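Asks: This is the structure I have questions about; it appears just below.
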Amino acid sequence: MDRPAVPTYILRGHDAPIHALRFYSRNAYLASGDSEGWLIIWSLATKRPVAVWKGHEGAVMCIRHWTHKRLVSHGRDHKLRVWQVQDEDLADLTTNLPGDKSSVDRREPWLLHSISVNALNFCAFSMCNELPGRTSRPETEAQLVASPNGLDSGGIDIFQLPSERRVSQIASAQDSPTGMVMAVSIFHDNAKSRLLVVSGYEDGRVMVHVRTGNFDKEGGWQKVTSSKLRPGSQPILSLEISPSRDYFITSGVDSWIAKYPLDLPDGMAGESRETHRSSSIKTKHAGQQGLSIRSDGKIFATAGWDARIRVYSTRTMKELAVLQWHQQGCYATSFADLDLEANDLAAPTEYTGSDLSTQSNEILARPTALDIIKRKREEKARSIHWLAAGGKDGKISLWNIY
């Protein structure tokens, strides 16, 4: 009989429930956010905090990265904030944990942007590059941010960074009210030069909006929707787009998990069309949220109110593993990125003598044994197939699976 899986590590630092997790910087770091607004950046090599600060006056609902130099956080204080977290900045930041009540002069990352957005819906933001495809300088690429509209609870605002301007809006469905937006994702269909927004609602419905052209033109959004998209009628809690951009998966308050295709037809002008459900499963476990799909598209994970982390196959939708360690409900999951470039994990060049820098004509220092050990430890940590989970107990479990 196989023994149950156990976490490889437990990260203890938060004193409040964890609602947001994100691996970034080629898996060198894990960012976490809790219900009291605290943000912690963990080193995956040492499993210790390298930065701790209070980023919001309300719960942190979501964390995303904008290259390896910036983190974007969304709080229940109706603020979306962009923080500068370059490696050279981390050494100067405070690492005292939230529970440390001593009079510490906390140094937090540089705040680059702050946008007022809606947070009443419990719906986290989503972001993507403004232009499709990759650029040679990703750090300069403008971003589009999708979040619920502040006045229209079923509507969606589209902001642009770094300008902080609202550039577009998707109005709620007036002919068939859906309730509040509960989950949203914005991304490009590069093959067809289209911008897509997928959203899940309070009544369990899912909508797909498509736009072609730039935001200078009025209108432009076309809708694909059906009241029978989802088997249940309970609110959607999480929604995730596949890395291949050809399907998305939802989970909700009820026990259903559903997978929908994104093979949308060209030229969708006129009446909205019905999207047919690809597959769905009734898991018998209500309240699965924090859904995340691994970067290779093979598996996805959910965080359950019953304190279980469940791993499923994206192809068959079958449950592959139930990870049990937390004693209270879980709210967030995150996978490490498996799509690292070969040179991201390349071993450092061996020292063969006195190396002369052509940039500064200075002799490079011979790496010490400690430097080599540290580098190898970092490379090993970045190459592991991590799954992180967090919840009500304020602890983060790290699992090495599949």
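At position 342 of the sequence shown the residue is numbered 342 (UniProt numbering), and the sequence of numbers has no breaks.
Note that CB positions come from ideal geometry on N, CA and C, so glycine has one too.
As the structure is a prediction and not an experimental result, all values here were calculated from the model.
Please state the DSSP three-state secondary structure of V384.
Replies: The sequence position of residue 384 within the sequence shown is 384, counting from 1. A small correction: the amino acid at residue 384 is Ile; Val does not occupy that position in the sequence shown. If DSSP states are grouped into helix, strand and coil, I384 belongs with coil.
Asks: Tell me the DSSP secondary structure of L370 in three-state form.
Replies: Residue numbering aside, residue 370 sits at position 370 when the sequence shown is read from its first letter. In this structure, L370 counts as helix in the three-state DSSP scheme.
Asks: Restricting to runs no shorter than 3 residues, where is the beta strand (DSSP E) found entirely within the segment 89 to 140?
Replies: For the segment 89 to 140, whole beta strand (DSSP E) runs of length 3 or above, ordered along the chain, are 110 to 116 and 126 to 129.
Asks: Spell out a yes or no on whether the segment 369 to 383 and the segment 289 to 307 are touching, meaning 3 or more CB-CB pairs, one atom from each, closer than 8 angstroms.
Replies: No, the segment 369 to 383 does not touch the segment 289 to 307.
Asks: Just to check my reading of the structure: A183 and G154 have Cβ atoms closer than 8 angstroms, yes? What is that Cβ distance to the nearest angstrom?
Replies: Within the sequence shown, residue 183 is the residue found at index 183, counting from 1. Within the sequence shown, residue 154 is the residue found at index 154, counting from 1. Incorrect: roughly 13 angstroms between the Cβ atoms, too far for contact.
Asks: Whose C-beta lies closer than 7 angstroms to the C-beta of K47 among residues of the same chain, with five residues either side of it excluded?
Replies: As a first step, residue 47 must be located in the sequence shown, where it is residue number 47. Closer than 7 angstroms at Cβ, skipping near neighbours: Y9 and L11.
Asks: Give the straight-line distance between the Cα atoms of M180 and K318, rounded to the nearest whole angstrom.
Replies: Indexing the sequence shown from 1 puts residue 180 at position 180. Indexing the sequence shown from 1 puts residue 318 at position 318. One C-alpha to the other measures close to 30 angstroms.
Asks: With a threshold of 16 other CB atoms inside 10 Å of the CB of N190, please say whether the residue is buried or exposed.
Replies: Sequence index remark: in the sequence shown, residue 190 carries index 190 (1-based). It counts as exposed.
Asks: Going by Cα to Cα distance, which pick from L151, V145, V253 and W110 is closest to L120?
Replies: If you number the sequence shown from 1, residue 120 lands on position 120. Comparing Cα positions, the closest option is L151.
Asks: If you pair each beta-carbon of the segment 122 to 130 with each one of the segment 87 to 106, do three or more pairs fall below 8 angstroms?
Replies: The segment 122 to 130, when compared against the segment 87 to 106, does not touch it at the 8 angstroms Cβ threshold.
Asks: Taking 8 angstroms as the limit between beta carbons, can you name the residues of its chain near D296, skipping five residues before and five after?
Replies: Here the question's residue 296 lines up with position 296 in the sequence shown. Within the same chain, D296 has close Cβ partners P243, L338 and D339.
Asks: Give me the residue from R211, R166, W83 and W38 with the minimum Cα distance to L196.
Replies: The residue labelled residue 196 in the question sits at position 196 within the sequence shown. Selected option, being the one with the closest Cα: R211.
Asks: Would you call the CB atoms of A19 and Y331 closer than 7 angstroms?
Replies: Walking along the sequence shown from the start, residue 19 turns up at place 19. Walking along the sequence shown from the start, residue 331 turns up at place 331. A small correction: the amino acid at residue 19 is His; Ala does not occupy that position in the sequence shown. Yes.
Asks: What distance in whole Å lies between the Cβ atoms of I156 and R166, which are believed to be in contact at a cut-off of 8 angstroms?
Replies: Numbered from its first residue, the sequence shown carries residue 166 at position 166. Numbered from its first residue, the sequence shown carries residue 156 at position 156. Contact flag wrong, Cβ pair sits at about 11 angstroms.
Asks: Quick check on this structure: which residue in A321, L112 and G304 has the alpha carbon closest to the alpha carbon of Y312?
Replies: Sequence index remark: in the sequence shown, residue 312 carries index 312 (1-based). Considering only alpha carbons, the answer is A321.
Asks: Kindly indicate which residue of K69, V50 and S147 has the alpha-carbon position closest to the one of S25.
Replies: Translated into positions along the sequence shown, residue 25 becomes position 25. Among K69, V50 and S147, the Cα nearest to that of S25 belongs to K69.
Asks: Going by the CB atoms, is the gap between I309 and S32 shorter than 7 angstroms?
Replies: Along the sequence shown, read from residue 1 onward, the residue named residue 32 stands at position 32. Along the sequence shown, read from residue 1 onward, the residue named residue 309 stands at position 309. No, these two residues do not count as a Cβ contact at 7 angstroms.
Asks: Can you give the Cα-Cα distance for G329 and G391, rounded to whole angstroms?
Replies: Here the question's residue 329 lines up with position 329 in the sequence shown. Here the question's residue 391 lines up with position 391 in the sequence shown. Their backbone Cα atoms lie some 6 angstroms apart in a straight line.
Asks: Can you give me the start and stop residues for the beta strand (DSSP E) that V198 sits inside?
Replies: Position 198 of the sequence shown, counted from the start, is the residue given in the question as residue 198. Note, V198: beta strand (DSSP E), R194 to Y201.
Asks: May I ask you to list the residues that DSSP assigns as paired with residue 411?
Replies: With the chain covering 1 to 402 only, the question about residue 411 has no answer from this structure.
Asks: For the beta strand (DSSP E) holding E57, just list the boundary residues, first then last.
Replies: One-based indexing of the sequence shown puts residue 57 at position 57. Careful: E57 lies outside any beta strand (DSSP E) and carries neither H nor E.
Asks: Pick out whichever of T250, V60, A45 and Y29 has its Cα sitting closest to the Cα of E36.
Replies: Here residue 36 refers to the residue found at position 36 of the sequence shown. Ranking T250, V60, A45 and Y29 by Cα distance to E36 puts V60 first.
Asks: Closest to A91 by CA distance: which of K192, S43 and P162 is it?
Replies: Residue numbering aside, residue 91 sits at position 91 when the sequence shown is read from its first letter. For the residues K192, S43 and P162, the minimum Cα distance to A91 belongs to S43.
Asks: Helix, strand or coil, according to DSSP, for A16 in the structure here?
Replies: Residue mapping note: residue 16 aligns to position 16 of the sequence shown, counting from 1. Three-state DSSP puts A16 in coil, outside helix and strand.
Asks: Could you tell me whether the Cβ atoms of S334 and L21 are closer together than 7 angstroms?
Replies: Locating residue 334 in the sequence shown gives position 334, where the first residue counts as 1. Locating residue 21 in the sequence shown gives position 21, where the first residue counts as 1. For S334 and L21, yes; Cβs fall inside 7 angstroms.
Asks: When the Cα of A171 is compared with those of L80, A301, A146 and Q160, which residue comes out closest?
Replies: Here residue 171 refers to the residue found at position 171 when the sequence shown is read from its first residue. Of L80, A301, A146 and Q160, the residue nearest in Cα terms is A146.
Asks: Find the nearest neighbour of S116 within the set E164, A142 and D87, judged by alpha-carbon distance.
Replies: The count along the sequence shown starts at 1 and reaches residue 116 at position 116. Nearest of E164, A142 and D87 to S116, Cα basis: E164.
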